[in-house]
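Working notes for the structure below.
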Amino acid sequence: MKNDSLKNWQGVACVIGADWGDSGKGRLIDDLSSRAHIIARYSGGSNTGHTVRNQFGRFALHIIPSGIFNKNALCLIGRGVACDLESLVEDELVQLKKAGVSWKNLIIDEQASLTMPWHKLRDGLREEFRSSKIGTTRRGVGPTYADRTERVGLRVKDLVSSDFKDKLFEETQIQNKFFNLKLNPTQIYKKFLKFAKLVKPHIGQTIPILKKAQKMGKNILFEGTQGSFLDVDFGTYPFVTSTNTGVIGIWRCFDLHPVEINHVIGITKAYSTRVGAGPQPTKLDGKERQIIIEKGQEIGTTSGRTRDPGWLDLVIIKAAVEFNKITALAITKLDVLTGFKKLKVCIGYKIRGKNIDYLSGDADFLAQCRPMYEALPGWSEDLSKIREFKKLPQNAQNYVKMIEKFVGVPVKFISVGPQRGEVIYV
Ligand code: IMP
74 MKNDSLKNWQ
84 GVACVIGADW
94 GDSGKGRLID
104 DLSSRAHIIA
114 RYSGGSNTGH
124 TVRNQFGRFA
134 LHIIPSGIFN
144 KNALCLIGRG
154 VACDLESLVE
164 DELVQLKKAG
174 VSWKNLIIDE
184 QASLTMPWHK
194 LRDGLREEFR
204 SSKIGTTRRG
214 VGPTYADRTE
224 RVGLRVKDLV
234 SSDFKDKLFE
244 ETQIQNKFFN
254 LKLNPTQIYK
264 KFLKFAKLVK
274 PHIGQTIPIL
284 KKAQKMGKNI
294 LFEGTQGSFL
304 DVDFGTYPFV
314 TSTNTGVIGI
324 WRCFDLHPVE
334 INHVIGITKA
344 YSTRVGAGPQ
354 PTKLDGKERQ
364 IIIEKGQEIG
374 TTSGRTRDPG
384 WLDLVIIKAA
394 VEFNKITALA
404 ITKLDVLTGF
414 KKLKVCIGYK
424 IRGKNIDYLS
434 GDADFLAQCR
444 PMYEALPGWS
454 EDLSKIREFK
464 KLPQNAQNYV
474 KMIEKFVGVP
484 VKFISVGPQR
494 GEVIYV
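Residue numbers (the numbering used here): 74 to 499.
As C-alpha cells, this is what we get:
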C-alpha cells in the first residue's frame, strides 16, 4: 500500500478483524464509507454486532452494512451472508426508521441463505447438549451454513417464488421430524410473507452490480465480520464461527479475488478481547481485567455477554496480517489504556519452554501456548481531543510504533474515543 492516508482511500478496500472480533469495524466502516460507492457485506449473519455512533444516533447493526448511512452509496448483502430477516426487519430497520435513515440503497443477494426459526432453535439445542460449549450467539448461523452446504436451506430468492409456501411447509416439516421440533409452518409462513413483501424491492444479483462498479473504477468497501481467528478454516477450531471471516470470504461471496483488493485493513483494539469459549493466551484477570471491561464497555453488542480482555497479542495479529495480506492496521480504543503505568504486549509463545514459530489454527494448540511479554511504559494524559499522531503522549506513540515494527505494516487509523471524529488518521 502506498504511504497515503486512509482518509483518501481509493479503489477496493476491505476491513477485516485481526483477532477475535469486536474490534470496532462498524465505526471504521462508517468513517470510510463516505468515499465508497459500494459497501458490501460478505460474511457472518446476525451473530455480528457492529456499533455505529454518528449524527443520526447510536445503532447496533447485525445484517445491514454499517455504510447504510451514506445515501450516495449502494449497500450490498452478499450471498455468503446468513440472512436473518427477523433481525433485519424487526430490529435493524426499526432502529433506522426511528432515526429517519433510509434503506432504499440496500440490495440483498437472491442467493443468500435464509436463517429460519429452526436454525436458531438448533443452534441453542446443540449448545445445550454439548459438554464443551462453543459459546455461540444462538443466532442460528452455524445451522444456516450447515444447511447451505448440505444444499437444503431456503434462499432469499425463494421468498418471492410462486412455490414459497410449499417449500417452507416442506422444510418446516422435515426440520420438525429430524430435530424433534414443534414448529408451526402456518405461523412461520405468515411472518415470512410479511418480510418478503417488505424486502422484495431489495432483492437482486449483487455480483454483476459489483463487477460493473469495479470496471468503472468506483470505490468499493468490503465489510467483514468477527475476526480472523473466528474464521472457520484459519481460526481456533472448533471455537470459531461458520464462515470465512478473513479475506477469502470476499472471494467466495463476491467473486472478487484477494489480489484485486488495494487496501486490506486489519482492525484490532489496543488490547485483545474474546467473547464465548476458546483459548486466549493473554487473558487478564483481577484489577486490570475490571478496569478494561468498565472503561472499554466490553459487553457484546449481540449477546450482551461480557468480553474477556487481555493484553495485546501481536503473535495473533501478525498471523492475521500474513494470511490476509493486510496492508494497513487500524487500532481502536487506544484511550482505554490511559492510566495504566505499565502495558504488556505479547511478542511470542512457548509450549513447555520451547519457542513456537508456527501458529496452528487449532484451539488445543493455542490453549497450550504460554505468552512471552514485552513491557512498555504507559501514559496518563487524556487522548480524546488529539487528532494528530505527533500530539499523542510519547509513550502512546511508542506503543503504536512498537506494534507497527512487530507486525510489519503501518498503523493508519487510531481511535481515541467512541464518537465519530474521535480518531487520528496517521
Ligand atoms: P456463532 O458465530 O454464533 O456460531 O458463534 C461462534 C463463536 O464466535 C462464539 O465463540 C461467539 O462468541 C463468536 N462470535 C460470533 N459472532 C461474533 C462477533 O460478532 N464478535 C465476536 N465474537 C463472535
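No residue lacks a Cβ here, since even glycine has one placed at the ideal position from N, Cα and C.
Pick from the options that is closest to residue i, judged by C-alpha positions
i: Tyr498; options: Ile404, Pro466 and Asp455; result: Ile404
i: Phe252; options: Thr279, Gln470, His192 and Phe237; result: His192
i: Val229; options: Ile181, Lys478 and Ser453; result: Ile181
i: Ala343; options: Ile111, Trp176 and Met475; result: Met475
Three-state secondary structure assigned by DSSP to residue i
i: His336; result: strand
i: Pro258; result: helix
i: His192; result: helix
i: Val320; result: coil
i: Asn468; result: helix
i: Thr124; result: strand
i: Ala86; result: strand
i: Val473; result: helix
i: Met74; result: Only weak support exists for where Met74 lies, its pLDDT of 38 falling under 50; the coordinates are left without a value.
i: Asn253; result: coil
i: Pro382; result: strand
i: Ile137; result: coil
i: Leu402; result: strand
i: Ser106; result: helix
i: Thr341; result: strand
i: Lys80; result: helix
i: Phe312; result: coil
i: Gly197; result: helix
i: Phe129; result: coil
Boundaries of the beta strand (DSSP E) in which residue i is found, first to last residue
i: Met445; result: Arg443 to Pro450
i: Tyr422; result: Lys415 to Ile424
i: Val174; result: That residue, Val174, is in no beta strand (DSSP E); it is neither H nor E in DSSP.
i: Ala113; result: Ile111 to Arg114
i: Phe295; result: Ile293 to Glu296
i: Arg347; result: Ser345 to Arg347
i: Leu147; result: Leu147 to Ile150
i: Ile497; result: Val496 to Tyr498
CA-to-CA distance, residue j to residue i, given in whole angstroms
i: Leu529; j: Gly118; result: Residue 529 falls outside the range modelled here, since the chain spans only 74 to 499, and no answer is possible.
i: Phe265; j: Trp93; result: 33 Å
i: Arg378; j: Met289; result: 44 Å
i: Ile89; j: Ala109; result: 16 Å
i: Val430; j: Ile424; result: This sequence places Asp at residue 430; Val is not what is there. Cα to Cα, Asp430 sits roughly 11 Å from Ile424.
i: Met74; j: Ile338; result: For Met74, the predicted model reports a pLDDT of 38, less than 50, meaning its position is unreliable; a value from the coordinates is still stated below. Rounded to the nearest angstrom, the two C-alpha atoms are 10 Å apart.
i: Gln83; j: Asn292; result: 6 Å
i: Leu439; j: Val388; result: 11 Å
i: Thr346; j: Gly383; result: 6 Å
i: Lys356; j: Gln287; result: 42 Å
i: Gly349; j: Ser96; result: 15 Å
i: Arg460; j: Asp77; result: 17 Å
i: Thr245; j: Val162; result: 21 Å
Endpoints, alpha helix (DSSP H) assigned at residue i
i: Glu361; result: Gly359 to Gly369
i: Val214; result: Val214 to Thr222
i: Leu303; result: Element bounds for Leu303: n/a, residue is neither H nor E.
i: Ile181; result: From DSSP, Ile181 is part of no alpha helix (DSSP H) but of the beta strand (DSSP E) over Leu179 to Asp182.
i: Val484; result: Segment Val484 to Ser488 is the beta strand (DSSP E) holding Val484; no alpha helix (DSSP H) there.
i: Ile429; result: Run containing Ile429: none; DSSP gives neither H nor E here.
i: Leu283; result: Thr279 to Lys288
i: Glu395; result: Leu387 to Asn397
Distance between beta carbons of residue j and residue i, contact taken as under 8 Å
i: Gly351; j: Gly434; result: The pair is not a contact, with the Cβ atoms about 12 Å apart (cut-off 8 Å).
i: Thr121; j: Gln370; result: Going by Cβ atoms, the distance from Thr121 to Gln370 rounds to 18 Å, so no, they are not a contact pair.
i: Ser301; j: Gly319; result: 5 Å
i: Ile136; j: Asp157; result: 6 Å
i: Ala401; j: Val482; result: 6 Å
i: Val154; j: Ala185; result: 5 Å
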